[in-house]
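Structure first, then comments.
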Amino acid sequence: MTRTQEIFDRAKAMGASAIALTVDSAMGTNRHRSWRLGVNERHEGGVDFFSWETYAAYTNMTDLPVILKGAQTVEDVREAAAHKVPAVILSNVSFLSLFCPCFVALPYLHFLTCDNSGFGRPFYFANQYSADGVTRAADLLKYEIAHDAANIGL
């Protein structure tokens, strides 16, 4: 039994009348402290991106209706209707997970000709930990760029 199946069974046992599947935030939010502590890792049963095959698999795991939360356009709702989704909740919270006050936003400041944006500063400090520190800083930057790109649909 997968973790997702366990969650669905638990929700049904607790009296849930439906499962709401969030589809507007492909990667979830980026919590830096929990990521550093290793508690923000993807668990078994998670998916990298939403597809209609994923939706079909989820509907086969439970007899509760699986509704979509996070449709953003009329086209999204039409496609959901074509796939016989019983309900759709309109929202657009994925932009909240794109807010990053961290050093990922610094390239944008740099390219907007802001002086002293400090793009190299995280790598400067990471250099104190030699090659391992610089590698870790580069991995963080790569992770956050990929994470944010997935949330905007790239």
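Residue numbering for the sequence shown follows the working numbering, starting at -17 and increasing by one per position. Quick reminder that beta carbons are idealized off the backbone N, C-alpha and C, glycines included. Bear in mind that the values here come from a model prediction, so they are computed numbers and not experimental data.
Please classify residue i as buried or exposed, where buried requires at least 16 neighbouring CB atoms within 10 angstroms.
i      : result
D121   : exposed
D114   : exposed
H25    : Unreliable positioning characterises H25 in this predicted model, as indicated by a pLDDT of 48, which lies under 50. A coordinate reading is not provided.
T(-14) : buried
A(-2)  : exposed
A62    : buried
Suppose you measure from the CA of residue i to the CA of residue j; what does that come to, to the nearest Å?
i     : j      : result
T44   : V56    : 27 Å
D(-9) : H129   : 30 Å
A38   : I(-11) : 17 Å
L3    : A64    : 17 Å
Q110  : A(-7)  : 48 Å
Identify the residues that DSSP records as bridge partners of residue i: which are they?
i   : result
L50 : L3 and V70
What residue range does the alpha helix (DSSP H) around residue i cover?
i     : result
D(-9) : R(-15) to A(-5)
F32   : Note, F32: premise wrong, no alpha helix (DSSP H); not H, not E.
Y111  : From DSSP, Y111 is part of no alpha helix (DSSP H); its letter is neither H nor E.
A(-2) : No alpha helix (DSSP H) holds A(-2); DSSP gives it neither H nor E.
Just to check, is the beta-carbon of residue i closer than 7 Å to a non-hydrogen atom of the ligand ADP?
i    : result
Y106 : The ligand ADP is absent from the structure shown, which contains no ligand whatsoever.
>> Would you call the segment 48 to 55 in contact with the segment 65 to 74, where contact means no fewer than 3 C-beta pairs closer than 8 Å?
In response: yes
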